[in-house]
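Visitor: In this note's numbering, the protein residues as written are 306 to 588. Idealized CB from N, CA, C, for every residue including glycine. To start, I am sharing the structure in question, which I have written as structure tokens.
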Amino acid sequence: MTGFIEHYKIGVKENFDLNQIDPRGKGLFDSREQAEAFTIEAVLKIKNLQYQLFIEGKQSLLIVLQAPDAAGKDGLIRNVLGQMNPQGCQTYPFKVPSELELSHDFLWRIHAGAPAAGMVSIFNRSHYEDVLVVRVLNLAPEPVWRRRYDHINAFESLLHDRGTKILKFYLHISPEEQLERFGERLNDPQKHWKLNTGDYAAHESWDAYREAYHDAFEKCSPDHAPWFVIPADRKWHRNAAVAGIVLQAMEEMNPQLPKINVDVDEIRELYEQAKRELAEGRK
Ligand code: AMP
Ligand code: MG
306 MTGFIEHYKI GVKENFDLNQ IDPRGKGLFD SREQAEAFTI EAVLKIKNLQ
356 YQLFIEGKQS LLIVLQAPDA AGKDGLIRNV LGQMNPQGCQ TYPFKVPSEL
406 ELSHDFLWRI HAGAPAAGMV SIFNRSHYED VLVVRVLNLA PEPVWRRRYD
456 HINAFESLLH DRGTKILKFY LHISPEEQLE RFGERLNDPQ KHWKLNTGDY
506 AAHESWDAYR EAYHDAFEKC SPDHAPWFVI PADRKWHRNA AVAGIVLQAM
556 EEMNPQLPKI NVDVDEIREL YEQAKRELAE GRK
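As structure tokens, this is what we get:
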């Protein structure tokens with residue numbers, strides 16, 4: 306399968322409207338079985354490409370995850386993205402900024418998580434919170450957050466120029482599915498740690514968030530840092546679509562194992578000699 310990037314990428318110029326995208330959509334997949342089989346295969350290929358990216362040590366990949374609560378950022382990391390080798394991949398969950406973080410510019414803590422050459426960074430929430438929750442809850446004056454779209458564009462250009470591929474995902478769930486999942490949390494004591502009155506405030510501000518997301522998509526979608534809207538009411542679709550996009554992007558990055566600068570025949574000779582010596586009991 307191919308064409309994931311083209312299918313899920315937001316075409317901002319065509320008057321993009323989130324409300325026109327069905328959160329229950331199945332995208333490029335026909336069935337749950339097909340999507341799950343695809344995800345398993347894609348994850349194996351992603352792992353192999355990540356190994357090559359790490360060894361190549363030149364390019365890097367930044368995956369940004371944004372979504373309403375309970376849309377499945379954690380599940381996506383657990384089941385798909387987190388399968389990468391931790392030696393070359395790091396996840397950064399961005400929470401309410403600490404006092405220290407607030408005493409710096411909003412990108413200070415974000416930049417520290419940007420991937421080094423050869424590495425993959427996964428942002429569970431991101432610098433976009435500074436034009437989303439901050440805007441909706443009025444945590445900074447409007448002139449302050451309005452200027453941030455330019456800051457974000459400059460920051461992402463900087464990372465791109467340094468060799469970082471940027472993929473930004475919005476997990477798109479319906480308010481009905483969100484409430485359903487809140488209910489599951491309530492009924493499962495294992496999930497009670499996730500309960501949070503703030504989630505209900507955000508649920509109530511659904512339209513304000515929609516507007517804030519719309520502006521972020523519209524203002525911050527250059528070709529080198531696109532947004533992908535992933536219908537996420539069906540977890541199997543969410544996982545398969547993101548796996549497909551990440552796989553396609555990494556294939557396009559085409560990381561190369563380094564050219565060898567040793568004489569393989571000479572090494573083979575040494576190897577054969579070592580084996581002979583061991584067999585003859587000289588070691
Ligand atoms: P969670 O991802 O569910 O663990 O929750 C993290 C919380 O931190 C969410 O309520 C976010 O809205 C909040 N958060 C993340 N970044 C920021 C930020 N820059 N300013 C204010 N709140 C934030
Ligand atoms: Mg939460």
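1) If proline 251 and asparagine 458 are in contact, beta carbons under 8 Å, what's the gap, nearest whole angstrom?
2) Within the continuous beta strand (DSSP E) that includes threonine 344, where are the two ends?
3) Whose C-alpha, out of Asn544, Gly332, Ile565, is nearest the C-alpha of leucine 370?
4) Given a cut-off of 8 Å on the beta-carbon distance, is the pair arginine 515 and alanine 375 in contact?
5) Are there any heavy atoms of the ligand AMP lying less than 7 Å away from the beta-carbon of arginine 430, as far as the coordinates show?
6) In three-state DSSP terms, what is proline 373?
7) Look at the alpha carbon of aspartate 335 and the alpha carbon of histidine 542, and state the distance between them as a whole number of angstroms.
8) Anyone know if the C-beta pair for proline 480 and glycine 330 falls short of 8 Å?
9) Rounded to whole angstroms, what is the Cα-Cα separation between valine 534 and lysine 314?
10) Give the DSSP-derived three-state secondary structure of threonine 307 in the structure shown.
11) Could you pull the start and end residues of the beta strand (DSSP E) that serine 408 belongs to?
12) Are glycine 377 and leucine 491 touching if we call contact CB-CB under 8 Å?
13) Expressed to the nearest angstrom, what Euclidean distance is found between the alpha-carbon atoms of tyrosine 518 and glutamate 571?
14) Can at least three beta-carbon pairs, one atom from the stretch 400-413 and one from the stretch 461-476, be found at a separation below 8 Å?
15) Considering just the uninterrupted stretch of the beta strand (DSSP E) at serine 426, what are its terminal residues?
16) I'd like to confirm something about phenylalanine 321: is its beta-carbon nearer than 7 Å to some heavy atom of the ligand AMP, or not?
17) Would you tell me roughly how many angstroms separate the C-alpha atoms of glutamine 364 and proline 420, rounded to the nearest one?
18) For leucine 412, which residues of its own chain have a beta-carbon under 7 Å away from its beta-carbon, when the five flanking residues on both sides are left out?
Guide: Answer, in terms of the structure:
1) Because residue 251 is not part of the residues shown, which for the chain are 306 to 588, the question remains open.
2) Unbroken run through threonine 344 is the alpha helix (DSSP H), 337-361; no beta strand (DSSP E).
3) Measuring from the Cα of leucine 370, the nearest candidate turns out to be Asn544.
4) It is not a contact, given that the beta carbons lie outside the stated cut-off.
5) Taking non-hydrogen atoms of the ligand AMP into account, the C-beta of arginine 430 is found less than 7 Å away from one of them.
6) It is coil, neither helix nor strand.
7) Here the alpha carbons of histidine 542 and aspartate 335 stand approximately 10 Å from one another.
8) No, the Cβ-Cβ distance between proline 480 and glycine 330 is not below 8 Å.
9) Linking valine 534 to lysine 314 through their CA atoms gives a straight-line distance of about 7 Å.
10) Assignment of threonine 307 by DSSP, reduced to helix, strand and coil, places it in the coil class.
11) Per DSSP, serine 408 lies in no beta strand (DSSP E) segment and is marked neither H nor E.
12) No, the pair does not count as a contact, with Cβ atoms beyond the cut-off.
13) Whole-angstrom Cα-Cα distance: 59 Å.
14) With contact defined as three or more Cβ pairs closer than 8 Å, the stretch 400-413 and the stretch 461-476 are not in contact.
15) Annotation for serine 426: the continuous beta strand (DSSP E) segment containing it runs 425-429.
16) Outside the cutoff, so no.
17) About 9 Å.
18) Excluding sequence neighbours, leucine 412 sits near His432, His456, Phe460.
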